[in-house]
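Quick note: to get the numbering used here, add 6 to the position in the sequence shown (first position is 1).
Idealized CB from N, CA, C, for every residue including glycine.
See structure below.
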Amino acid sequence: MATARLTPAHGLVRPDKDRFLDEENPFEAMMSRFDKAAELLDLEPGMYKVLRKAEKQIIVSIPVMMDNGEVEVYEGYRVLYNTSRGPAKGGIRFDMQVTLEEVKALAAWMTWKCAVVNIPFGGAKGGVRCNPLEMSAAELEKLTRRYTSGIINVLGPDSDVPAPDVNTNERVMAWIMDTYSMHVGHTTTAVVTGKPVELGGSLGRREATGRGCMIVTKEALGHLGMQVRGTTVAVQGFGNVGSVAAQLLVGEGCKVVAIGDRSLSIHNAKGIDIDDAIAHVVKHKSLEGYAKGDRISGADLLTLEVDVLLPAALENVITTKNAAAIRAKVICEGANGPTTAAADSILDEKGVFVIPDILANAGGVTVSYFEWVQDRGGYFWPEELVNERLTTIMKRSFGDVLALSKEHRVNMRTAAYMLAISRVATVHRLRGIYA
Ligand code: NAD
């Protein structure tokens with residue numbers, strides 16, 4: 007097919023189209039993928055300008071009376087990137103690294119992710135720059151409630167629905183839901199997802215992202231003509247996503263030969279007993295001290311000779327520095343942004359089949375959508391039904407992306423972006439510009 011080109015009319019200032027914008031800046035890394043897909047879609051200049059901008063960016067200052075009687079002031083953000091397809095959806099993180107730029111990138115990511123799996127949400131993200139590990143539960147509750155009240159005007163089941171992210175959890179979601187409910191005067195469970203089941207959370211939500219990774223990995227193996235049984239897997243990150251994906255892949259007959267977390271990475275060619283490793287982490291909070299394999303470095307885990315590599319920890323771990331050394335045939339991106347934009351083409355040249363993050367880890371937001379639907383309907387589904395519907399959506403989405411990648415002869419990441427952008431752009435065209 008003829009490749010369309012971005013022109014000055016798109017408002018883009020980019021002196022060298024082959025130069026990656028900035029592989030360490032999350033917003034620009036995401037945008038370099040966006041640009042590539044926009045070119046292939048021949049996106050009209052006006053639409054390009056609209057989709058490159060966040061709809062709304064909120065910065066709030068959050069004073070908290072600390073346990074020692076002193077006042078600390080934190081900065082919090084909520085970015086609604088695009089709400090053309092439905093209420094904004096995206097997590098809230100509490101972390102010292104949080105910046106407006108990062109939150110904006112993650113909000114855009116959520117927009118494309120929801121569109122890839124075709125759920126009726128737009129994309130958002132929020133964050134507070136703080137160190138939750140040094141704060142008491144009482145301080146965290148005050149921070150959460152004051153942040154919630156600072157962004158209350160955008161929150162709501164029809165407008166913006168947060169979820170947990172780095173260093174936030176069910177408990178934080180319960181505080182947000184309670185604060186919002188107190189403001190509006192009635193209990194509103196559908197204002198957040200990832201809540202405790204007793205408060206309107208969905209069965210299967212905790213495992214959903216890892217389950218989605220398992221489902222799309224099986225689809226990829228099938229597409230590549232590889233057997234699931236005996237497939238070797240290395241998993242970086244052994245938290246919610248990595249441990250569940252590893253457990254479920256073993257359940258399907260795969261052999262997980264390496265796992266690693268912040269404290270330790272191990273390799274065992276005979277296969278690791280994942281239930282045993284999870285029990286260790288439950289007891290000791292990390293893999294530290296787990297000795298049923300050979301200790302390897304975190305960097306070596308990424309370049310092991312395995313069939314499937316599942317990065318499920320951090321962003322920017324597969325870069326121009328190590329991409330050429332990757333020996334996996336398939337990479338399933340459980341984490342958000344584990345591969346830098348510049349590393350994409352190196353993996354392409356090596357023939358690695360990458361299931362991109364906006365498809366691979368979309369199981370979580372899909373079951374968040376189920377949670378929102380159940381809350382709004384006031385009728386809750388058994389876990390089997392949640393898993394069955396998740397499987398249907400993940401398989402269909404993988405198939406949609408694969409079909410587009412074959413049609414346009416592009417990799418799965420570009421195809422996923424093309425699918426997402428075209429879905430969001432279609433809705434914008436149908437709605438028109440309100441003036
Ligand atoms: P988590 O906190 O439960 O687990 C993170 C794991 O990564 C931990 O085992 C931690 O020790 C490990 N880790 C941290 N730094 C590491 C390092 N330098 N080297 C190796 N391991 C390291 O988090 P999670 O919920 O499993 O999320 C993991 C990734 O998946 C993140 O990128 C997150 O944004 C993404 N994600 C999560 C969900 C979800 O539903 N939880 C959904 C979509 C995407």
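Determine whether the Cβ of Thr372 lies closer than 7 Å to any Cβ atom of chain B. Absent from the structure is chain B; it holds one protein chain and no more.
What residue from Val336, Pro344, Lys298 has the CA that sits closest to Asp354's CA? Position 348 of the sequence shown holds residue 354. Scanning Val336, Pro344, Lys298 for the CA closest to the CA of Asp354 turns up Val336.
Three-state class that DSSP yields for Ala94 in the structure shown: Start at 1 with the first residue of the sequence shown, and residue 94 comes out as number 88. Strand at Ala94.
Boundaries of the beta strand (DSSP E) in which Gln242 is found, first to last residue: The count along the sequence shown starts at 1 and reaches residue 242 at position 236. Unbroken beta strand (DSSP E) run through Gln242: 238 to 242.
If you run the structure through DSSP and keep just helix, strand and coil, what is Arg333? Counting from one through the sequence shown, the residue named residue 333 turns up at place 327. Coil, per DSSP.
In the DSSP assignment, find the unbroken alpha helix (DSSP H) run with His229 in it and report its ends. As a position in the sequence shown, residue 229 is number 223, starting the count at 1. 211 to 229 is the extent of the alpha helix (DSSP H) around His229.
Under 7 Å, do Val314 and Val239 count as touching if we go by C-beta distance? By one-based count along the sequence shown, residue 314 stands at place 308. By one-based count along the sequence shown, residue 239 stands at place 233. A contact, by the Cβ cut-off of 7 Å.
In terms of residues, what are the limits of the alpha helix (DSSP H) holding Ala130? Indexing the sequence shown from 1 puts residue 130 at position 124. Boundaries around Ala130 are those of the beta strand (DSSP E), 128 to 135, since no alpha helix (DSSP H) includes it.
If you draw a straight line from the C-alpha of Glu347 to the C-alpha of Met188, how long is it? Sequence index remark: in the sequence shown, residue 347 carries index 341 (1-based). Sequence index remark: in the sequence shown, residue 188 carries index 182 (1-based). One detail in the question is off: residue 347 reads as Ala in this sequence, not Glu. Near 44 Å, if we compare the C-alpha coordinates of Met188 and Ala347.
With H, G and I counted as helix, E and B as strand and the rest as coil, what does DSSP make of Pro202? Here residue 202 corresponds to residue number 196 of the sequence shown, with the count starting at 1. Here Pro202 sits in coil by DSSP.
Taking the alpha helix (DSSP H) that Pro51 belongs to, which residues open and close that run? Residue mapping note: residue 51 aligns to position 45 of the sequence shown, counting from 1. It spans 51 to 57 - the alpha helix (DSSP H) in which Pro51 sits, taken as one unbroken run.
With 16 other Cβ atoms within 10 Å as the buried cut-off, status of Leu293: The residue given as residue 293 occupies position 287 in the sequence shown. Leu293 comes out buried.
Helix, strand or coil for Cys260? Go by DSSP, reduced to three states. For this step, residue 260 is matched to residue 254 along the sequence shown. Cys260: coil per DSSP, three-state reduction.
Which of helix, strand or coil DSSP assigns to Leu255: Looking up residue 255 in the sequence shown gives position 249. Of the three classes helix, strand and coil, the one that applies to Leu255 here is helix, per DSSP.
Would the stretch 92 to 103 count as touching the stretch 65 to 77 if we require 3 or more Cβ pairs under 8 Å? Segments in contact, no.
Let me know the beta strand (DSSP E) ranges lying completely inside the stretch 305 to 383, each 3 residues or longer, listed in chain order. If you keep only unbroken beta strand (DSSP E) runs of at least 3 residues inside the stretch 305 to 383, you get 314 to 317, 336 to 338, 359 to 361.
For ligand 1, I want to know if Arg268 counts as a neighbour, meaning its beta carbon is within less than 6 Å of at least one of the ligand's heavy atoms. Indexing the sequence shown from 1 puts residue 268 at position 262. If you check the C-beta of Arg268 against ligand 1, you find a heavy atom less than 6 Å away.
Extent of the continuous alpha helix (DSSP H) run through Glu76: Residue 76 sits at position 70 when you count from the first residue of the sequence shown. According to the DSSP assignment, Glu76 belongs to no alpha helix (DSSP H), since it is labelled neither H nor E.
Is the distance from the Cβ of Ala252 to the Cβ of Ile280 below 7 Å? The residue given as residue 252 occupies position 246 in the sequence shown. The residue given as residue 280 occupies position 274 in the sequence shown. Going by C-beta atoms, Ala252 is nearer than 7 Å to Ile280.
Looking only at its chain, what residues have a beta carbon closer than 7 Å to the beta carbon of Lys23, apart from the 5 residues adjacent to it on each side? Translated into the one-based positions of the sequence shown, residue 23 becomes position 17. At Lys23 the pLDDT is 37, less than 50, meaning the model places this residue with poor confidence and gives no usable figure here.
My understanding is that His434 touches Val160, with C-beta atoms under 8 Å, so please give their C-beta distance in whole angstroms. Numbered from 1 along the sequence shown, position 428 holds the residue referred to as residue 434. Numbered from 1 along the sequence shown, position 154 holds the residue referred to as residue 160. Actually they are not in contact, since the Cβ atoms of His434 and Val160 sit about 20 Å apart, beyond 8 Å.
Among Phe376, Asn328, Pro344, which has the Cα closest to the Cα of Lys356? As a first step, residue 356 must be located in the sequence shown, where it is residue number 350. Answer by Cα proximity: Asn328.
Please list, in chain order, all residues of the same chain as Asp28 whose beta carbon is under 8 Å from its beta carbon, the five residues on each side excluded. Walking along the sequence shown from the start, residue 28 turns up at place 22. Because Asp28 sits at a pLDDT of 45, beneath the cut-off of 50, its placement in the model cannot be relied upon, and the following sentence gives the value as read from the coordinates. In the same chain as Asp28, and ignoring 5 residues on each side of it, the C-beta atoms closer than 8 Å to its own belong to Glu34, Ala35, in chain order.
Touch test, the stretch 400 to 410 against the stretch 376 to 383, Cβ-Cβ under 8 Å, three pairs minimum: No contact exists between the stretch 400 to 410 and the stretch 376 to 383.
Can you tell which of Asp406, Asp350, Ala426, Lys95 has its C-alpha closest to the C-alpha of Leu47? Mapped onto the sequence shown, residue 47 falls at position 41. Nearest option by C-alpha distance: Ala426.
Are the stretch 407 to 418 and the stretch 158 to 176 touching, with three or more C-beta to C-beta distances below 8 Å? Touching, no, given that fewer than three Cβ pairs across the two stretches are closer than 8 Å.
Across the stretch 363 to 378 and the stretch 181 to 201, are there enough close Cβ pairs to call them in contact, namely three or more that are closer than 8 Å? Short answer: they touch.
Pick out whichever of Thr194, Ile125, Thr150 has its Cα sitting closest to the Cα of Val178. Against the sequence shown, residue 178 aligns to sequence position 172. Ranking Thr194, Ile125, Thr150 by Cα distance to Val178 puts Thr150 first.
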